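As structure tokens, the structure follows; a few thoughts come after it.
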Amino acid sequence: MTNEDPEAISLAATGRQRARWRRWLSGLVLAASSAYISWFFITNTEELRRLSEFSMGSALGILALQVLYLVPQAARYRLILGVRTQSQVDAPEWFRLFVVGRLLNNVIPQGGNLYRSAQLKSKGAMDYSTYVGGFLTFTWLSLSITILLALGVTAVANPGLQLGSTPVVAILGLSFLVVVLGPYAATKLIGLLPTSSSRSLLARTQYILGQAFAMPRDLKVLFVFAALSILSLGIAVAIVQLILDGLSSDIGLGEAVLFLALMQASSAINVTPSNLGVQELGFAGLAGGLGIGIGTGLLAGSLVRVSGVVALIIAAAGAQLSRSTQTRFKFGARAD
Numbered sequence: 260m261t262n263e264d265p266e267a268i269s270l271a272a273t274g275r276q277r278a279r280w281r282r283w284l285s286g287l288v289l290a291a292s293s294a295y296i297s298w299f300f301i302t303n304t305e306e307l308r309r310l311s312e313f314s315m316g317s318a319l320g321i322l323a324l325q326v327l328y329l330v331p332q333a334a335r336y337r338l339i340l341g342v343r344t345q346s347q348v349d350a351p352e353w354f355r356l357f358v359v360g361r362l363l364n365n366v367i368p369q370g371g372n373l374y375r376s377a378q379l380k381s382k383g384a385m386d387y388s389t390y391v392g393g394f395l396t397f398t399w400l401s402l403s404i405t406i407l408l409a410l411g412v413t414a415v416a417n418p419g420l421q422l423g424s425t426p427v428v429a430i431l432g433l434s435f436l437v438v439v440l441g442p443y444a445a446t447k448l449i450g451l452l453p454t455s456s457s458r459s460l461l462a463r464t465q466y467i468l469g470q471a472f473a474m475p476r477d478l479k480v481l482f483v484f485a486a487l488s489i490l491s492l493g494i495a496v497a498i499v500q501l502i503l504d505g506l507s508s509d510i511g512l513g514e515a516v517l518f519l520a521l522m523q524a525s526s527a528i529n530v531t532p533s534n535l536g537v538q539e540l541g542f543a544g545l546a547g548g549l550g551i552g553i554g555t556g557l558l559a560g561s562l563v564r565v566s567g568v569v570a571l572i573i574a575a576a577g578a579q580l581s582r583s584t585q586t587r588f589k590f591g592a593r594a595d
């Protein structure tokens, strides 16, 4: 005879079932998207030949920008989590955790977040719930500011830009409202759900969401976060423009910012590991809507991913080597 809580057992069983369904869905989406992309390039082999147009200088420039892009991204993440936890993890160690986590996300959906939360908990920096709240805050602020910046740039640089027959300014404006107001609506809806069978889970979820989407009150933090976001946007736009220029696709600043907004949105919810296949199809749909071709979108999305993964490997290896060197010197100094 055990004293286990029946509600806890039920929640655990439900969680395992949902995890199985997520794995099946992830596998199905990955298989379907991979099949379509493979079919497209098999039947349109001339599109792949466009890769030969890339110069070595452009490729190295894209890779260097991808590595540089990780710096303000890691700084933004640490800024939000630091405000919430007053963590004592220094900047080099945080950068290592950030890039290794991102690398893991390319293999296991949310694997990087599990790795970071476990590492930070082991260092006494924060517990799991605090990390989840910080992660949601970062995602929300990042997506909100990126869409707002994209809206501002498009309104100034190319106000007449359309996606199909719909003005891009209207699409971005509506997206901004949905992203900003969505979390508040989610907390209200969760409170309306029946709690007879899952009271503790709903209460915990509502608490985390409430904590996550309470806007930081420190205006200095918001200002620094916005400044880092502008820097990130500038680097990312340069990456997109270099890639599309290498594919002989002439686009303006407004179009490049749209691709960046799509990159940011696709990273918010991972259906497959790092949204493999999903992001590429998103690029293809956007490129088709802008009239520069589905093939261009698929190639651009693939090049963004490959260059990003290579940059992560370089950054993670460098951060790990730096950590090992510091540890060796530290122990050497103690021995002396």
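Just so we're aligned, residue 260 is where the sequence shown starts under this note's numbering, counting upward by one.
All C-beta atoms, glycine included, are put in the ideal place defined by N, C-alpha and C.
Since the model is a prediction, treat every value here as computed from it, not as a measurement.
Segment contact, 8 Å Cβ cut-off, at least three pairs: the stretch 412-421 with the stretch 501-515: Under the Cβ criterion (8 Å, minimum of three pairs), the stretch 412-421 counts as touching the stretch 501-515.
Whole alpha helix (DSSP H) elements within the stretch 332-391, 4-residue minimum: The DSSP assignment places 350-364 and 370-381 as complete runs of the alpha helix (DSSP H) inside the stretch 332-391, in order along the chain (cut-off: 4 residues).
Touch test, the stretch 570-577 against the stretch 547-562, Cβ-Cβ under 8 Å, three pairs minimum: With a cut-off of 8 Å, the stretch 547-562 and the stretch 570-577 do not count as touching, because too few Cβ pairs lie within range.
Backbone secondary structure at P418 - three-state DSSP: As a position in the sequence shown, residue 418 is number 159, starting the count at 1. Note: P418 maps to coil in three-state DSSP.
Of the listed residues L329, P331 and M385, nearest to V348 (C-alpha basis): Looking up residue 348 in the sequence shown gives position 89. The shortest Cα separation from V348 among L329, P331 and M385 belongs to M385.
DSSP state of T531 mapped onto helix, strand, coil: Here the question's residue 531 lines up with position 272 in the sequence shown. Annotated three-state conformation of T531 is coil, per DSSP.
Residues bridged to P426 (per DSSP): Mapped onto the sequence shown, residue 426 falls at position 167. DSSP lists Q421 as partners of P426.
D504 - DSSP class collapsed to helix/strand/coil: As a working mapping, residue 504 is identified with position 245 in the sequence shown. Of the three classes helix, strand and coil, the one that applies to D504 here is helix, per DSSP.
Local Cβ density within 10 Å of W399, reported as buried at 16 or more and exposed below that: Along the sequence shown, one-based indexing puts residue 399 at 140. Counting of Cβ neighbours within 10 angstroms places W399 among the buried residues, the total reaching 16 or more.
Pick from G493, T555 and N534 that is closest to L329, judged by C-alpha positions: Locating residue 329 in the sequence shown gives position 70, counting from the first residue. Residue G493 is the option with its Cα nearest to L329.
Residue environment, S456, which counts as buried when at least 16 other CB atoms sit within 10 Å: Locating residue 456 in the sequence shown gives position 197, where the first residue counts as 1. Confidence in S456 is poor, its pLDDT being 48 and thus under 50, which makes the residue's placement unreliable; the coordinate value appears in the next sentence. By the 10 Å Cβ count, S456 comes out exposed.
Backbone CA spacing between Q579 and R375 [nearest angstrom]: The residue labelled residue 579 in the question sits at position 320 within the sequence shown. The residue labelled residue 375 in the question sits at position 116 within the sequence shown. Distance between the alpha carbons of Q579 and R375: 15 Å.
Uninterrupted beta strand (DSSP E) stretches inside the stretch 540-590 (no shorter than 3 residues): No beta strand (DSSP E) of 3 residues or more sits fully in the stretch 540-590.
I498 (DSSP reduced to helix, strand or coil): Position 239 of the sequence shown holds residue 498. Residue state for I498 is assigned as helix, using DSSP reduced to three classes.
Contact under 8 Å by Cβ, S293 with V530: Indexing the sequence shown from 1 puts residue 293 at position 34. Indexing the sequence shown from 1 puts residue 530 at position 271. Cβ distance not < 8 Å, so S293 and V530 don't count as in contact.
Three or more C-beta pairs below 8 Å linking the stretch 363-375 and the stretch 307-321: By the C-beta criterion, the stretch 363-375 is judged not to be in contact with the stretch 307-321, since fewer than 3 inter-stretch pairs fall below 8 Å.
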